[in-house]
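S.K.: Residue numbers (the working numbering), protein chains in the order written: chain Y, 3 to 278; chain B, 1124 to 1693. By construction, the Cβ of each residue, glycine as well, lies at the ideal position given by its N, Cα and C atoms. So that we are looking at the same thing, I have put the structure below in structure tokens.
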């Protein structure tokens, strides 16, 4: 059976025990820290932090392997595109040029460019584990209540949570439909060539969209019938009080955030330059 | 004086997207504490009546209302849906689709969350509601891990937290196996008696609901109320036949035998039925009818030998399963949810490979087939046609399996037209599929499999959620196919279907075969019925009442007679 991607995984760990609000705030700070800085030292530090948290959470690589591979492929394409569109970005930023070798015209490989792209890759690598962790360790309804608590309107918060909650359902539908189509001779296995497989997948999307629309009608009726949206506010059954660990986590990540921002902007430049 | 809680006064409704009104001239009143059953064929407007009672009409489904509908004094067209939902609790048909929370407790609390109740109060009320519906031990469970019956209990609990006055059930039995359906009817009855809830049940499985007392049955047809009588009075009329709602089997048997049903016979339940006046007629009828031909064995087309299956690292789902199906047979595979039926289907269709054992199709070991090869021998029709249809036009949909295989254009046209003809869809070949009814869609999906000319056809719950007219239509069509030489395997919960259409039944329980016999014999075996969550047919009880010695023979004769006579009034 295929694993269910990106849905909540119920394990007992320090990370699971934090409230959704804590995790959301930490995730936001973490992302900002790594997005704002190009300081390689900080990025390395954050990367190690990310990996440590991942280990603590008891989530295994295998649990998220599919999405991870997908993101890594995307990251690779992204790197390639950066080089194609702006091969001299590193030289511009670091103001030196150490050419390793030249391909053609302005397309040469410089240590500066490699270093710059290493930084970009590091940024992704620090945020990805955090984002995946947030998705798989936060119960969708807790996630909704956290969004609501930090000021997002509850209908939007609920819409997001419902979307998360339906990920496994839609995956299940997808598998049922895929089987139905395979029964008619649609080959989805590796024996078929990639473009053909892609075309075949489209034949599955159509019924999937239809069945999802049915699902939406039922759920919105069910919600109407149970009084959703009649008040300006609502309470949450699964809301959890802040505990000591929540404060500790927020404090810790807050410090990391402030520290990394300070170091980054200390000399007025977001880039750490080893070449000067 | 009884207090009226639901009052339809010259009520009519037209959906905005439709030209003609769906409901016209609806007049009826339901009083506090009553238990009312609303029946009618598909498209009769019975579900629309339900939508009116819970306020989805006019608040979610827009349209024009004429006349008036009052729920406990409130006019539904002016009152907001949230106020109506405090009085009317609705349990929807689809047990999965209506859940909002992820765990049992959370879903039970949903409506209280919307009322801004403090957490502590919610926790105690959730406990209370869970106790009422018997789910106290499952509060932390994920809804997906529950059985169909448990899901329904949770849905019921979710509306009970509001202390509603009226409980509305929209086809509560549609997705349940027979024994679980019986429990559901019992639970509804208990809430009605012990908590004085007014209960409205919309359902076309009449006999199953009548298993417990019902005060009144309202029959709807073509958007109008055809009759509003007590069960005993209704069964003494021919209203149900006219609108093609299936009567209880024992009533039909009595009618075949020429007995006149009167309210005094207390015909609403088999255990209250008094047939002293017509025993003679029944016994006489029994002698007149020809009996069914016994099974004739011919060469096997599908053989399973000691099949076992488990997912890697998982428990055994199938264990030492063997059976053989002969060419041209029509067989039911029955058992409770989770017994291993769908896994078995996957193995036969080649989606999964058995951990051990052999599958032999037409004398050849099928182990080396790809899914694509296997599809030419075994076709699978899924329960929900929307899961199978991926083209816009009927012709394209049916042609898809051939197009994928790169068959020549002229050959495709020939085979598709032939198949459409068999399925009675040839005049519609250029139609968009979205314009078809559920039954027609089902035919399209069957046609799209048949075009590949498989020798074996497997259908998963082919008639689920269908009214009697569509049910008969689909099943008669399958029977015709069967006569053309296609071997048909049905996966089903429907005991009537199994008894009427498939001479033989295979019963699966916990991944093992516990019975493989004539359908009649399976339903006569108390031990098998209990283990596999099946339900005895009321015909056995009728036979006992009439003091017929050979009950199985009695049932076989009923089926034979039904095949000849039963179709005529369609």
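Taking only three categories from DSSP, how would you classify residue 1640 (chain B)?
M.R.: strand
S.K.: Considering only the alpha carbon of each residue, which of B:1128, B:1183 and B:1509 lies closest to residue 1139 (chain B)?
M.R.: B:1183
S.K.: For the ligand ZN, is there a heavy atom less than 7 Å away from the beta-carbon of residue 1212 (chain B)?
M.R.: Absence of the ligand ZN is noted for the structure shown, with no ligands found whatsoever.
S.K.: I'd like to know whether the C-beta of residue 1228 (chain B) is nearer than 8 Å to at least one C-beta of chain C.
M.R.: Going by chain labels, chain C is absent from the structure shown, which instead holds the protein chains Y and B.
S.K.: Quick check on residue 276 (chain Y): does DSSP put it in helix, strand or coil?
M.R.: Residue 276 (chain Y) falls in the coil class under three-state DSSP.
S.K.: Using only the alpha-carbon positions, how far apart do residue 1693 (chain B) and residue 1165 (chain B) sit?
M.R.: Here the model assigns residue 1693 (chain B) a pLDDT of 40, short of 50, so the residue's position is not dependable, and the following value carries that caveat. Near 15 Å, if we compare the C-alpha coordinates of residue 1165 (chain B) and residue 1693 (chain B).
S.K.: Could you please tell me which residues of the segment 228-246 of chain Y, in chain order, have their CB closer than 8 Å to any CB of chain B?
M.R.: Here the close residues are 228, 229, 230, 231, 232, 233, 235, 236, 237, 238, 239, 240 and 241.
S.K.: Can you tell me where the alpha helix (DSSP H) with residue 1391 (chain B) in it begins and where it stops?
M.R.: No alpha helix (DSSP H) contains residue 1391 (chain B), which DSSP labels as neither H nor E.
S.K.: Between which two residues does the beta strand (DSSP E) harbouring residue 1226 (chain B) extend?
M.R.: Element bounds for residue 1226 (chain B): n/a, residue is neither H nor E.
S.K.: Here's a check: name, in chain order, each residue in its chain whose Cβ is nearer than 8 Å to the Cβ of residue 1487 (chain B), leaving out the five neighbours to either side.
M.R.: none
S.K.: Quick one: which chain B residues come within Cβ less than 8 Å of residue 220 (chain Y)?
M.R.: For residue 220 (chain Y), the residues of chain B that pass the 8 Å Cβ criterion are 1215, 1217, 1220 and 1221, in the order they occur in the chain.
S.K.: Quick check on residue 5 (chain Y): buried or exposed, where buried means 16 or more other Cβ atoms within 10 Å of its Cβ?
M.R.: Any reading at residue 5 (chain Y) needs caution, since the residue's pLDDT is 46, under 50, leaving its predicted position unreliable; the model's value is listed next. Exposed is the call here.
S.K.: Are the CB atoms of residue 1258 (chain B) and residue 1245 (chain B) within a distance shorter than 8 Å?
M.R.: no
S.K.: 8 Å is my cut-off, CB to CB: does residue 1510 (chain B) come that close to chain Y?
M.R.: yes
S.K.: Buried or exposed: where does residue 109 (chain Y) fall if 16 or more other Cβ atoms within 10 Å of its Cβ makes it buried?
M.R.: exposed
S.K.: May I have a chain-ordered list of the beta strand (DSSP E) segments no shorter than 3 residues that lie completely inside the segment 1270-1344 of chain B?
M.R.: Runs found: 1289-1293, 1321-1325 and 1339-1344.
S.K.: Enumerate in chain order the residues of its own chain whose CB-to-CB distance from residue 1224 (chain B) is below 8 Å, with the five nearest sequence positions on each side excluded.
M.R.: Only 1230, 1231, 1232, 1233 and 1266 meet the Cβ criterion.
S.K.: Secondary structure at residue 1430 (chain B), three-state DSSP: helix, strand or coil?
M.R.: strand
S.K.: Does the distance from the C-beta atom of residue 1623 (chain B) to that of residue 1682 (chain B) stay below 8 Å?
M.R.: yes
S.K.: Is residue 1253 (chain B) close to chain Y? Criterion is C-beta to C-beta, closer than 8 Å.
M.R.: No, no contact with chain Y.
S.K.: Starting from the beta carbon of residue 1523 (chain B), find every residue of chain Y whose beta carbon is closer than 8 Å, and list them in chain order.
M.R.: 186 and 205
S.K.: Rounded to a whole number of angstroms, what is the C-alpha to C-alpha distance between residue 1472 (chain B) and residue 1177 (chain B)?
M.R.: Rounded to the nearest angstrom, the two C-alpha atoms are 43 Å apart.
S.K.: Does the beta carbon of residue 1148 (chain B) sit closer than 8 Å to a beta carbon anywhere in chain Y?
M.R.: no
S.K.: Report the neighbours of residue 1110 (chain B) on chain Y: residues whose CB is nearer than 8 Å to its CB, in chain order.
M.R.: The first residue shown for chain B is 1124 and the last is 1693, placing residue 1110 (chain B) beyond what the model contains.
S.K.: So within the segment 1195-1256 of chain B, which uninterrupted alpha helix (DSSP H) runs reach at least 4 residues, ignoring any that extend past its ends?
M.R.: 1204-1207, 1227-1237 and 1242-1255
S.K.: For residue 136 (chain Y), would you say it is in contact with chain B, using Cβ-to-Cβ distances shorter than 8 Å as the test?
M.R.: It does not; no Cβ of chain B falls within 8 Å.
S.K.: Under DSSP, the alpha helix (DSSP H) around residue 1698 (chain B) begins and ends at which residues?
M.R.: Residue 1698 (chain B) lies beyond the stretch modelled for chain B, which goes from 1124 to 1693, so this question has no answer here.
S.K.: Give the list of continuous alpha helix (DSSP H) stretches no shorter than 4 residues that lie fully inside the segment 1564-1620 of chain B.
M.R.: As far as the segment 1564-1620 of chain B is concerned, its whole alpha helix (DSSP H) runs of at least 4 residues are 1591-1606.
S.K.: Are the beta-carbon atoms belonging to residue 11 (chain Y) and residue 65 (chain Y) less than 8 Å from one another?
M.R.: In contact: residue 11 (chain Y) and residue 65 (chain Y) (Cβ atoms closer than 8 Å).
S.K.: Using a Cβ cut-off of 9 Å, pull out every chain Y residue sitting near residue 1241 (chain B), in sequence order please.
M.R.: 237
S.K.: Keeping to the same chain, check which residues put their C-beta closer than 7 Å to that of residue 1264 (chain B); ignore five residues upstream and five downstream.
M.R.: 1226 and 1227
S.K.: With a cut-off of 8 Å, do at least 3 Cβ pairs link the segment 49-61 of chain Y to the segment 145-158 of chain Y?
M.R.: no
S.K.: So, do the segment 1273-1292 of chain B and the segment 1428-1441 of chain B have three or more beta carbon pairs nearer to each other than 8 Å?
M.R.: no
S.K.: Scan the segment 1444-1472 of chain B for residues whose Cβ lies nearer than 7 Å to a Cβ of chain Y and list them as they occur along the chain.
M.R.: 1472
S.K.: Say whether chain B places a C-beta atom closer than 8 Å to the C-beta of residue 225 (chain Y).
M.R.: Taking Cβ atoms only, chain B reaches closer than 8 Å to residue 225 (chain Y), which makes this a yes.
S.K.: Would a check of beta-carbon distances place residue 217 (chain Y) closer than 8 Å to chain B?
M.R.: yes
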